[in-house]
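Taken in sequence, the protein lines are chains A and B.
In the working numbering, each number is its position in the first sequence, counted from 1, plus 1.
In the working numbering, each number is its position in the second sequence, counted from 1, plus 1.
Ideal Cβ placement from N, Cα and C applies to all residues, glycine included.
Keep in mind the model is a prediction, meaning the values are calculated, not measured.
Quick notes on the structure that follows.
Number of protein chains: 2
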Amino acid sequence: MKDVALHAGVSTATVSRVLNGHAAPTPETRERVLAAIEELGYRPNALARSLRTTSTQTLGLVISDLLNPFFAEIARAVEDEARSHGYCVVIGNADESAEQEATYVRTLLDRRVDGLLLCPATDDPSLVREVSAGGVPLVLLDRTVRGATCPVVRADGSEALTALARRLVGAGHSRIGVIAGPPDTSTGRERTDVLTGALGGVARVVHGDFRQESGSQAAAKLIDDGVTALVVMDNLMGLGALGEIRARGLQIPHDIAFAVFDDQPWFPLLDPPITVIAQPTVEMGRAAARSLLALINGQQPDDVRLTAKLVLRGSCGEAEL
Amino acid sequence: MKDVALHAGVSTATVSRVLNGHAAPTPETRERVLAAIEELGYRPNALARSLRTTSTQTLGLVISDLLNPFFAEIARAVEDEARSHGYCVVIGNADESAEQEATYVRTLLDRRVDGLLLCPATDDPSLVREVSAGGVPLVLLDRTVRGATCPVVRADGSEALTALARRLVGAGHSRIGVIAGPPDTSTGRERTDVLTGALGGVARVVHGDFRQESGSQAAAKLIDDGVTALVVMDNLMGLGALGEIRARGLQIPHDIAFAVFDDQPWFPLLDPPITVIAQPTVEMGRAAARSLLALINGQQPDDVRLTAKLVLRGSCGEAEL
DNA sequence: CATAGGTGTGTAATCGATTAACTTCTGCGC
DNA sequence: GCGCAGAAGTTAATCGATTACACACCTATG
């Protein structure tokens, strides 16, 4: 920057003003400075700027698994929305581990992100408190924690789950397997509670860890237990469960009815296509980014609750109804 | 930091020395400083540190599409490897657009990443030159550009493609559709060249843009053209092509043989399971990160060329052979 | 007992920007 | 011709770290 100033025969202050579109400089001076910048191929150092202004124009996003298309889609949406407001997004992969999550959150805070979007790995509120204590704007996404005091953006699947339960029971299933998420995540618990509530006594619940492998294991257990329908609470576990069903040569929906929470582009391609509860991932990501930006600008955004929708495709024997 | 120094009754220099595990401080001083840090909940400002040291301990990764599981997996691997060496990764989403790619690259450079990993959207070398001119370590991943002078990490599918071609021709197909990537990407061209070369005159090539929609359109065109086999050069286009095949009620492999470049976890679940050429994504990501770190440390890593493997599953009528 | 050599700390310059406060210059009114 | 307002630009402090150099103190040595 000093070089540019020298080259243009002005002071660094003037260069800075030109760069930031500030009040003062004469059109003529401005030209000279821009020419010098061009000629020297100068690019301002974002670190120095941020240090001075205490604003990095960056949001942090900590998710539990980049490989899960659900989170990938959310990340993409967050990024789009952020970019359209001049912000960058730094993504952190917690790998469903509370420790890694904490590590990432601290790293991001150390780098002075202007705000943080978090999909908490567990419902333990201590990390959230730590962030809030540091005064950094925080929005929770997809999952919440106990006694959260910050805005939360999530999808509400109650209606869809209830409708699904009604359908399964109506179709005569009297032993229905539920592959749930970890009981220490809000989504793991809430979805399961709603579904088992709606199913009455016919539900058999096994908890997985939101990963493919746990899906197949849980499916194996439930099938051995004689269930005639399987509802899986996450797409990766759904993938695992499907594998197990295939491996055993069971026919969907004849031998077993099947449904998954969270849609995937390839679900319609299976035979039969998979019935799902689809979450509005893009809207969730955008809404979360918007809430965070509002928070950064000193506003107090409300919680956002979007509704997930039941999409009937055939894997629960809809044709037969 | 000044507060910590005051609190511990030492100078900021000493605090810094304790923080960085430097030679000097007495165990006793060290204790006092650590206690003060603890008490005040002090965390060093990474921006200031980076400004001073000109090292951010951060790698930039610019990929063309986070929603493509292929890139998501690579990103994940890069991140793992980087983290294990104490580096963070900032991911940028170019959306298969050269402009956005350039924007992201510049943003990352402005933030002074220590090195850059790039999956170039086109084979135009100007952006690569720009980065190199800035003296920032750069490694290309998955794709290369014309006259690249930096290390490149990619998967070689020649053998697999040749084997696949032999199989299809051997099975009697005389009109084989190829859905290729954009001709201005190195992978788009090279894979297609190898395959069409091995197929002789029976290939019908349509170029897509690595997105689902273009896959269905290309498939429609080729099927109308009467092909009896379809090879798709990327998993997203493969998804689109599959959709088109299903929509037309065609049976794989009876009515049409089908294969995809790049494996996906759900391909084995289809009926029949999809024959693919599997790329070693995780190894690609790790290797790229390692090459970049080597470059940062002043070494001169070689290009890395991993081999993609043909996985026969049935969608090309393997059972009948 | 002066002197050299080590140790542990402190002082202050530095990284590259932003910006408050100040200087200079121009033009205008009386 | 003097004073003064307002515009254009400069000087220098600042953000929060790192680190070269200086300094004080201590011990071993000739």
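*Applying a beta-carbon distance threshold of less than 7 Å, which residues of chain B neighbour Glu80(A)?*
Asn94
*For the alpha helix (DSSP H) that contains Ala221(B), what are its first and last residues?*
Gln213 to Asp225
*Tell me, please, which residues DSSP counts as bridged to Ala248(A).*
Ala248(A) is not bridged to any residue.
*Rounded to whole angstroms, what's the CA-CA distance from Gly148(B) to Gly299(B)? Just pull it up for me.*
22 Å
*Measure the C-alpha to C-alpha separation of Glu321(A) and Gln252(A) and round it to an integer number of angstroms.*
Its pLDDT being 48, under 50, Glu321(A) is placed unreliably by the model, and the measurement read from it follows with that caveat. Their backbone Cα atoms lie some 15 Å apart in a straight line.
_Range of the contiguous alpha helix (DSSP H) that encloses Arg147(A)_ = Per DSSP, Arg147(A) belongs to no alpha helix (DSSP H) and is neither H nor E.
*For the beta strand (DSSP E) holding Gly189(A), just list the boundary residues, first then last.*
Segment Ser187 to Leu200 is the alpha helix (DSSP H) holding Gly189(A); no beta strand (DSSP E) there.
*Which of helix, strand or coil DSSP assigns to Gly315(A)*: DSSP, reduced to helix, strand and coil, places Gly315(A) outside both helices and strands of the structure shown, so it counts as coil.
*For Leu293(A), which residues from the same chain have a beta carbon less than 7 Å from its beta carbon, with the 5 sequence-adjacent residues on both sides left out?*
Leu60, Gly116, Leu118, Pro138 and Val140
*Gly227(A) versus Glu214(B): straight-line alpha-carbon distance, rounded*: 41 Å
*Return helix, strand or coil for Val34(B), following the three-state DSSP convention.*
helix
*Rounded separation between Asn69(B) and Arg130(B) - CA only*: When rounded, the distance between both Cα atoms is 27 Å.
*How should His174(B) be labelled, buried or exposed, when 16 other C-beta atoms within 10 angstroms of its C-beta is the threshold for buried?*
buried
_Run through chain B and tell me which residues come within less than 7 Å of Gly244(A), C-beta to C-beta._
Leu270
*asked:* Measuring only the C-alpha atoms, how far is Leu128(B) from Thr108(B)?
replied: 13 Å
*Run through DSSP, which three-state label would Val106(B) get?*
helix
_For the stretch 188 to 205 of chain B against the stretch 154 to 172 of chain B, do three or more pairs of beta-carbon atoms, one drawn from each stretch, fall closer than 8 Å, so that the two count as touching?_
yes
*Straight-line gap, Val249(B) to Leu243(A) (C-alpha atoms, nearest Å)*: Position check: residue 249(B) holds Arg in this sequence, whereas Val was assumed. Rounded to the nearest angstrom, the two C-alpha atoms are 25 Å apart.
*Contacts around Arg18(A), its chain only, beta-carbon distance under 7 Å, and the 5 residues preceding and following it disregarded*: Once the five neighbours on either side are set aside, the close Cβ partners of Arg18(A) are Ala25 and Pro26.
*What runs of the beta strand (DSSP E), each 3 residues or longer, lie entirely inside the stretch 19 to 105 of chain B?*
Qualifying beta strand (DSSP E) stretches, in chain order: 59 to 64 and 89 to 94.
*Comparing alpha-carbon positions, which option in His23(A), Ser65(A), Tyr88(A) and Gly315(A) lies nearest Ile275(A)?*
If we check each option's Cα against that of Ile275(A), Gly315(A) comes out closest.
*asked:* So, under 8 Å CB-CB, Val90(B) and Val106(B) are touching, yes? Tell me the CB distance rounded to an integer number of Å.
replied: About 15 Å separates the two Cβ atoms, so there is no contact after all.
*Could you name the residues of chain A that Thr282(B) contacts, counting a contact when the two beta carbons are closer than 7 Å?*
Under the 7 Å cutoff, chain A gives no residues; its nearest Cβ is about 10 Å from Thr282(B).
_Please list the terminal residues of the continuous alpha helix (DSSP H) segment that includes His174(B)._
Neither: His174(B) is in no alpha helix (DSSP H) and is coded neither H nor E.
*Contact between the stretch 63 to 81 of chain B and the stretch 40 to 50 of chain B: three or more CB pairs below 8 Å?*
The stretch 63 to 81 of chain B vs the stretch 40 to 50 of chain B: no contact.
*Give the residues of chain A in contact with Val91(B), contact being defined as C-beta atoms less than 7 Å apart.*
Val91
*Whole-angstrom C-beta distance between Met234(B) and Thr193(B), which should lie under 8 Å*: 7 Å
*Test: Leu7(A) CB closer than 8 Å to a CB of chain B*: Among the residues facing chain B, Leu7(A) is not included, as its CB has no counterpart in that chain under 8 Å away.
*Check whether Leu196(B) and Val179(B) have beta carbons under 8 Å apart*: Yes, they are a contact pair.
*Over what stretch of residues does the alpha helix (DSSP H) that includes Gly116(B) continue unbroken?*
Per DSSP, Gly116(B) is not a residue of any alpha helix (DSSP H); the beta strand (DSSP E) it occupies stretches across Gly116 to Leu119.
_Selection from Asn94(B), Ala288(B) and Ala9(B) that minimises the alpha carbon distance to Pro152(B)_ = Ala288(B)
*Taking the continuous beta strand (DSSP E) assigned at Val305(B), which residues delimit it?*
In the DSSP assignment, Val305(B) falls within the beta strand (DSSP E) that extends over Val305 to Thr308.
*asked:* Just to confirm my understanding: we take Gly93(B), look at its own chain, exclude 5 residues before and 5 after, and list those with CB closer than 6 Å. What are they?
replied: Hits under 6 Å: Val63 and Tyr105.
*How would you list, in chain order, the residues of chain A whose beta-carbon sits under 8 Å from the beta-carbon of Asn46(B)?*
Leu52, Asp111 and Arg113
*Note the first and the last residue of the continuous beta strand (DSSP E) segment covering Asp157(B).*
Residues Val153 to Asp157.
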